[in-house]
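Scroll down for the structure; my scribbles are underneath it.
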């Protein structure tokens, strides 16, 4: 379990992480989402004790990371797959790390097997492809068979086969009861693996919710309407507070008003509809809209735009 | 849900110890080719330059005034020759074992594995010190044992390990190399960039001592590097510090430097 309590990191006047509080529970993959520069990596570095919080705290299994008795047996981390001395082979790199926590040498061979890079084990890290470096980073995270895993953008540089493999691996690790926190800037990626998402924008918490609720809450419902009297209906809808866009094919795209309300409004004003169909926005669109809102919210600095809708 | 919580709260296994951190640093040291080459360079340069310096100084000896001839210190000639460039290689090695981790990003992997920064720094210093102690002794004993025959071959005065003060000077010279290496380690932790730390180490060990002749005598006497080099002299120098007093000045300075490096390492984001 990972607990963030009012975690804040300031670099000069820039606030990278702003009063972030949340809990990452075991037994499921938690997606850690946000646009590039939202503060995901800084948060992960603070959890791992690499960066010192300006205020607040990050606890792993109830303690600050630096106070863990057997760090690698408790937490495995993939921060940057290139964080390896290029002069060492994959096997030597893992052996250096295994020694630091008193892990047996055979565990090095085991994790090399698990990540499928036994054949590249004796190549120098500098010669490994990005995909292989990524696998080496994951092997390092798995060395101590930890109950908590932090993976920063683990699909970066992996090929299709590698991506499918890492998704299965993350789901399996979560099924085994481990805490798995995976950062990504792609909602679509998380939709396939995560059971829970924590979304941040500009270092602030935007959402901390199950993936299903996330869709239900944030995916905007839009309705496509066709009628001969498009101009008249558009005026009526706008009058009721709905947002109306004209599509290229002459239809209206209406948001912020559901199909039933549109139907009764049209009927009351004798507007005959030829089509009325609800449209589902994708998860990715919902996520983009959500994080964009948060950015506007902060730049405009006006209170609670969400609530006034 | 029961087995879910069981894996999450399962005991983590035996705690990691400082000894584990030292073992890991030992593995890091052993598994880099560049480290082995630098150590080889230390020894080869010590031997080679000791012979060259001794032969050169021995040749000049005959042309010297009787007063200068009386002050001729064969032990110091061989050791100074052996140490002059070797100290650079040792300092650079000290720098590299730290800055190569910053340059590659390995430092983050290391700190995730060993989050107690005092342990990581302590383990690095310890492993480096043990290796530098052994290599430093090989360098100065070799420099002396090869330098003396070079002096005798040009009919200059020479001496042996059984002469008074000689073993101390040879052992002390090796310790001097160890301390310069530790200066490199401290600079590495403080400056973090390879180029910056190497430049600083070279400036402190080689460039500043060249400028000391233009400074007040009290400064040049206590400048830690020149003070430390006094340990390699067998003949007493009326104006200088005693051999072991000189080396202690250097040792104390290095301890302070390592302390500052540790404070910075502890405080900074990695």
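Protein chains in written order, with the numbering used here: chain A, 0 to 308; chain P, 132 to 401. All residues carry an ideal CB built from backbone N, CA and C; glycine is no exception.
Exercise. Cβ atoms of residue 78 of chain A and residue 116 of chain A: under 8 Å apart, would you say?
Worked result: Result no, Cβ atoms of residue 116 of chain A and residue 78 of chain A do not sit closer than 8 Å.
Problem set entry | Helix, strand or coil at residue 160 of chain A according to DSSP, with G and I counted as helix | In this structure, residue 160 of chain A counts as helix in the three-state DSSP scheme.
Problem set entry | CB contact check: residue 230 of chain P to chain A, cutoff 8 Å | Not a single C-beta of chain A is nearer than 8 Å to the C-beta of residue 230 of chain P.
Exercise. Between the segment 70-90 of chain A and chain P, which residues of the former have a C-beta closer than 7 Å to a C-beta of the latter?
Worked result: Along the segment 70-90 of chain A, the positions whose C-beta sits under 7 Å from a C-beta of chain P are 70, 71, 72, 73, 76, 78, 79, 81, 82, 83, 84, 85, 86 and 87, read in chain order.
For this session: Would you give the residue range spanned by the alpha helix (DSSP H) that residue 223 of chain P belongs to?
Result: Run containing residue 223 of chain P: 217-235, per the alpha helix (DSSP H) assignment.
Problem set entry | Continuous alpha helix (DSSP H) stretch holding residue 299 of chain P: start and end | Note, residue 299 of chain P: alpha helix (DSSP H), 297-322.
Exercise. By Cβ distance below 6 Å, which residues in the same chain neighbour residue 307 of chain A in space, the five residues on each side in sequence not counted?
Worked result: Because residue 307 of chain A sits at a pLDDT of 35, beneath the cut-off of 50, its placement in the model cannot be relied upon, and the following sentence gives the value as read from the coordinates. Excluding residues within five positions, none has a Cβ falling inside 6 Å.
Problem set entry | Cα-Cα separation, residue 106 of chain A to residue 373 of chain P | Each residue's alpha carbon lies about 54 Å from the other.
For this session: Please compile the residues from chain A whose C-beta is within a distance smaller than 8 Å of the C-beta of residue 255 of chain P.
Result: Result: empty, since nearest Cβ-Cβ is about 12 Å, beyond 8 Å.
Problem set entry | residue 201 of chain A versus residue 143 of chain A - alpha carbon distance | C-alpha separation (whole angstroms): 33 Å.
Exercise. When we look at the beta-carbon of residue 334 of chain P and count the other beta-carbons within 10 Å, is it buried (16 or more) or exposed?
Worked result: Classification for residue 334 of chain P: exposed.
Exercise. When you check each C-beta in the segment 27-56 of chain A against every C-beta of chain P, which residues fall closer than 8 Å?
Worked result: Cβ contacts with chain P: 44, 47, 48, 49, 50 and 51.
For this session: Verify whether the separation of the beta carbon atoms of residue 134 of chain A and residue 88 of chain A is less than 8 Å.
Result: No, Cβ-Cβ distance for residue 134 of chain A and residue 88 of chain A is not below 8 Å.
Exercise. Is DSSP giving residue 277 of chain P helix, strand or coil here?
Worked result: Looking at residue 277 of chain P - three-state DSSP - the assignment turns out to be helix.
Exercise. Hey, how far is the Cα of residue 232 of chain P from the Cα of residue 362 of chain P?
Worked result: Rounded to whole angstroms, residue 232 of chain P and residue 362 of chain P show a C-alpha spacing of 33 Å.
Exercise. If you drop the 5 nearest sequence neighbours on each side, which residues of the same chain put their C-beta closer than 6 Å to that of residue 150 of chain A?
Worked result: The residues are 77 and 181.
Exercise. Within the 8 Å Cβ cut-off, does residue 221 of chain P reach chain A?
Worked result: At a cut-off of 8 Å between C-beta atoms, residue 221 of chain P does not count as an interface residue with respect to chain A.
Exercise. Mapping DSSP to helix, strand and coil, what is residue 21 of chain A?
Worked result: Three-state DSSP puts residue 21 of chain A in a strand.
For this session: Give the residues from the segment 97-117 of chain A that approach chain P closer than 7 Å (Cβ to any Cβ), ordered along the chain.
Result: Along the segment 97-117 of chain A, the positions whose C-beta sits under 7 Å from a C-beta of chain P are 98, 99, 100 and 101, read in chain order.
Exercise. According to the neighbour-count rule (16 or more other Cβ atoms, all chains shown, within 10 Å of its Cβ), is residue 317 of chain P buried or exposed?
Worked result: By the 10 Å Cβ count, residue 317 of chain P comes out buried.
Exercise. With DSSP run on the structure shown, which of helix, strand or coil describes residue 39 of chain A?
Worked result: Per DSSP, reduced to three states, the secondary structure at residue 39 of chain A is helical.
Exercise. How would you list, in chain order, the residues of chain P whose beta-carbon sits under 9 Å from the beta-carbon of residue 139 of chain A?
Worked result: By Cβ distance, chain P contributes 240, 243 and 244.
Exercise. Checking contacts by CB at 8 Å: is residue 168 of chain A closer than that to chain P?
Worked result: Taking CB atoms only, residue 168 of chain A has no neighbour in chain P less than 8 Å away.
Exercise. In this structure, what does DSSP give as the bridge partners for residue 284 of chain P?
Worked result: In the DSSP assignment, no residue is bridged to residue 284 of chain P.
For this session: Quickly, what does DSSP pair residue 1 of chain A with across the bridge? List them, please.
Result: For residue 1 of chain A, which the question treats as bridged, DSSP gives the partners A/23 and A/59.
Exercise. Taking just the CA atoms, how far does residue 72 of chain A sit from residue 144 of chain P?
Worked result: If you draw a straight line from the Cα of residue 144 of chain P to the Cα of residue 72 of chain A, it comes to about 7 Å.
Exercise. For residue 175 of chain A, which option in A/148, A/80 and A/282 has the closest C-alpha, if you only look at C-alpha atoms?
Worked result: Minimum Cα distance to residue 175 of chain A is reached at A/148.
Problem set entry | Partners in chain A for residue 164 of chain P, counting only beta-carbon separations shorter than 8 Å | Correct list: 86.
Problem set entry | CB contact below 8 Å: residue 68 of chain A versus chain P | At least one chain P Cβ lies under 8 Å of residue 68 of chain A.
For this session: Could you work out which residues of chain A lie near residue 155 of chain P, taking near to mean beta carbons separated by less than 9 Å?
Result: In chain order: 94, 95, 96, 97, 98, 99 and 100.
Problem set entry | N- and C-terminal bounds of the beta strand (DSSP E) containing residue 207 of chain A | First-last of the beta strand (DSSP E) with residue 207 of chain A: 203-209.
For this session: Report the neighbours of residue 167 of chain P on chain A: residues whose CB is nearer than 9 Å to its CB, in chain order.
Result: Those within 9 Å of residue 167 of chain P in chain A number zero; the least Cβ separation is about 11 Å.
Problem set entry | Buried or exposed (CB count within 10 angstroms, at least 16 for buried), residue 91 of chain A | Residue 91 of chain A comes out buried.
Problem set entry | Segment limits, alpha helix (DSSP H) that includes residue 31 of chain A | Where residue 31 of chain A is concerned, there is no enclosing alpha helix (DSSP H), although the beta strand (DSSP E) it sits in stretches over 28-32.
Problem set entry | Per-residue burial, residue 245 of chain A [other beta carbons within 10 Å of its own, 16 or more giving buried] | With a threshold of 16 other beta carbon atoms within 10 Å, residue 245 of chain A falls short and is exposed.
Exercise. Beta-carbon of residue 137 of chain P versus every beta-carbon of chain A: anything under 8 Å?
Worked result: The predicted position of residue 137 of chain P is uncertain, since its pLDDT is 46 and thus under 50; no value can be drawn from it.
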